[in-house]
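Taking our numbering, the leading residue of the sequence shown gets 1158, the next gets one more, and so forth. Note that beta-carbon positions come from the ideal geometry of N, C-alpha and C, so glycine has one too. Every value quoted in this text rests on a predicted model; they were computed, and no experiment measured them.
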Amino acid sequence: MGIELLVSVVGIIIATVISVWTYRKMNPKRQLRYRIEASPLLAAGAGAGDRLTIALEGRPVTAPQIVTLSLWSSGRADIASSAFDADISLTFDLGTSIVEEIPTATDAGPRLEVVYPDKVVLRPALIHRKFQSTVRVIVDGTPNIQVNRVLPDIDVLRDGFSETTRAIETSRKRIKVTPLLVWTGLLLAGTAGLVVSFVMSGFDRQAYLPVGGISMLIMMIALVGIIVVGIYRFFRWVGRNIEARSGLR
């Protein structure tokens, strides 16, 4: 009866893991993130007041700022060009006029493009899972970015962390509790209980049996959990290799 129950539990766990893995492979997350950083060309309180006038190619600029807009894919799969609704570009409206684009090194393929007077766009194209693009511009005024929604099934999220903030948050992260860590902890707890039961057997033959039995059960369940996690990770590894060989990476 105990073996049959154990086999049933193992079968349910393995079936659940395979189902979850299949769903994740059939429905991979597709997501874009962007970050905007602005820095004024003139430090506040410089003391020049109205005596200082800035002009770019003869055009007066009252509040120049350098704006850096970065966009990258943070999902697990490519984004097809058909994901763009009605073949409309993903548009970032800066909310202030662009004076000039600062040249940056760009790779071949999809990239952010400046569209005067106040927009940066990503035109419909196949967006690979490792896509990233950055554009730098000089604007006149404080940017107030607005993003159109042309990717109905894909999240376009703003990344609000600066590098300093990200470093602080990373240093404060606690140990990540993973299924493997949980099962390993249970295995250690069961082993410790088994050792305690052996020690108890020298004093009380009747008392050590329940402790030893429960400890053995915990160890078996933990071993099953570790095996299931290993199978799941193996399937993930196989999936990544299939993607790599098919050219998706």
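In the displayed model, Y1389 falls within a helix according to three-state DSSP.
S1358: member of the alpha helix (DSSP H) spanning P1336 to S1358, first to last residue. Counting only the Cα atoms, G1396 lies some 38 Å from I1302. For Q1188, the closest of V1307, T1348, V1353 and P1367 by C-alpha to C-alpha distance is V1307.
About 6 Å separates the beta carbons of P1221 and D1297, which is inside the 8 Å limit, making them a contact pair.
By the criterion of a C-beta distance shorter than 7 Å, F1288 is surrounded in its chain by W1229, S1230 and P1267, once the five residues flanking it on both sides are discounted. Bounds of the beta strand (DSSP E) holding Y1191 are Q1188 to P1197.
Here the C-alpha atom of A1265 lies approximately 12 Å from the C-alpha atom of A1282.
Judged by DSSP secondary structure, A1212 falls within the beta strand (DSSP E) whose first and last residues are I1211 to L1213. If you compare the alpha carbons of V1271, G1232, E1270 and R1280 with that of S1246, the shortest gap goes to R1280. With fewer than 16 other beta carbons inside 10 angstroms of its own, A1262 counts as exposed.
DSSP, reduced to helix, strand and coil, places D1275 outside both helices and strands of the structure shown, so it counts as coil.
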